[in-house]
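Enquirer:
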Amino acid sequence: MYHLSRVLIVFVVGLLLVGCEENETVQELNSEADILIADVQTASRSLLDRVDHNIESIESDMNDIDDQASEGYREAKGELQEAKKALASEIQGLEGATADEIKEAQSEIDSLMADVEHKLQRFKIEAADKTDEFAAEANAFMATTGEKLESIEAEIAEMDEEPQQEYREMVAELKTQRQELESELNELADSSAETFQSIRGEFAERLDNWSREVSKTYNELTEAEGSSKMSA
Numbered sequence: 000m001y002h003l004s005r006v007l008i009v010f011v012v013g014l015l016l017v018g019c020e021e022n023e024t025v026q027e028l029n030s031e032a033d034i035l036i037a038d039v040q041t042a043s044r045s046l047l048d049r050v051d052h053n054i055e056s057i058e059s060d061m062n063d064i065d066d067q068a069s070e071g072y073r074e075a076k077g078e079l080q081e082a083k084k085a086l087a088s089e090i091q092g093l094e095g096a097t098a099d100e101i102k103e104a105q106s107e108i109d110s111l112m113a114d115v116e117h118k119l120q121r122f123k124i125e126a127a128d129k130t131d132e133f134a135a136e137a138n139a140f141m142a143t144t145g146e147k148l149e150s151i152e153a154e155i156a157e158m159d160e161e162p163q164q165e166y167r168e169m170v171a172e173l174k175t176q177r178q179e180l181e182s183e184l185n186e187l188a189d190s191s192a193e194t195f196q197s198i199r200g201e202f203a204e205r206l207d208n209w210s211r212e213v214s215k216t217y218n219e220l221t222e223a224e225g226s227s228k229m230s231a
């Protein structure tokens, strides 16, 4: 009887030990699953935050690009937002998921992350190309305008040597207008693409009008000087 009791006791203790081990194993799996969920969610949300920041940056870039060019950027932004939504949906689906479900979702999340990263990089390249294109266009316009201002200044310098008071006053006015145009030109160089496009046409027209006024004054001065010499 005593022997049987010992056997029963050992058997019960064994069952308890096995139960404890299984419980510990379950707890370990649950703990690992929680850690995996946290890691995936942290990494994914970190990417989402970066995507949010980049979308804000894209929105800002689009505001600096003329309407025609912005269409392509809006498409890129739309693709980026769709990729972000898909990633956010996948992350949300991990709430309460099992370890196996998380492992299955991990590859999908990795793929979605790569897709978002790819779209971000592609947009950055396109944005950089557009920025370079605008910079080249703006620099070319500024260089041409600068040359024109120098040419007109040379004409004004010749007028300034003449003794006639009325022409001195006209030349002084032309010089004042030149300074105003130069000041606006410097401001234009620092403006956004959209502002540059909207102002450039008006500025070029004013510059042409001013140039014609300079030439007209110069011609009048030349004619007056010729008449004066002929009279003498």
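Quick note: the sequence shown uses numbering that gives the first Met the number 0, first residue 0, plus one each step. All residues carry an ideal CB built from backbone N, CA and C; glycine is no exception. Keep in mind it's a predicted model, so treat the numbers as computed, not measured.
Are the beta-carbon atoms of GLU89 and GLU107 separated by less than 9 Å?
Expert: A contact, by the Cβ cut-off of 9 Å.
Enquirer: Would you report the Cα separation of GLU103 and GLU74, rounded to the nearest angstrom?
Expert: Whole-angstrom Cα-Cα distance: 31 Å.
Enquirer: When the Cα of THR175 is compared with those of GLN80, GLU78, GLU201, VAL213, which residue comes out closest?
Expert: Per the Cα distances, VAL213.
Enquirer: What's the C-alpha gap between ASN208 and GLU222?
Expert: Whole-angstrom Cα-Cα distance: 21 Å.
Enquirer: Please state whether DSSP places GLY92 in a helix, a strand or coil.
Expert: Looking at GLY92 - three-state DSSP - the assignment turns out to be coil, as it is neither helix nor strand.
Enquirer: Could you give the distance in angstroms between the alpha-carbon of ASP114 and the alpha-carbon of GLY200?
Expert: Roughly 41 Å separates the two Cα atoms.
Enquirer: When you compare only the Cα positions, how much space is there between SER182 and SER110?
Expert: The straight-line gap from Cα to Cα measures roughly 52 Å.
Enquirer: Quick one: using the 10 Å Cβ neighbour count with 16 as the cut-off for buried, is ALA153 buried or exposed?
Expert: Exposed, because fewer than 16 other Cβ atoms sit within 10 Å of the Cβ of ALA153.
Enquirer: Output needed for ALA85: all residues of its chain with C-beta closer than 7 Å, excluding positions within five of it in sequence on either side, in chain order.
Expert: Cβ within range, chain order: LEU111.
Enquirer: From GLU168, ASN218, GLU179, GLU219, pick the residue whose C-alpha is nearest to that of ARG205; which is it?
Expert: The shortest C-alpha separation from ARG205 is found at GLU179.
Enquirer: From LYS83 to GLN120, what does the alpha carbon distance come to, in whole angstroms?
Expert: Computed Cα separation, rounded: 14 Å.
Enquirer: Rounded to a whole number of angstroms, what is the C-alpha to C-alpha distance between GLY77 and THR41?
Expert: Computed Cα separation, rounded: 24 Å.
Enquirer: Measuring CA to CA, which of ALA87, ALA203, THR216 is closest to GLU172?
Expert: When only C-alpha atoms are compared, the closest one is THR216.
Enquirer: Helix, strand or coil: how does DSSP classify LYS215 here?
Expert: In the structure shown, LYS215 sits in a helix (DSSP, three-state: H, G or I).
Enquirer: Between the C-alpha atoms of ASN218 and ALA203, what's the straight-line distance to the nearest angstrom?
Expert: Whole-angstrom Cα-Cα distance: 22 Å.
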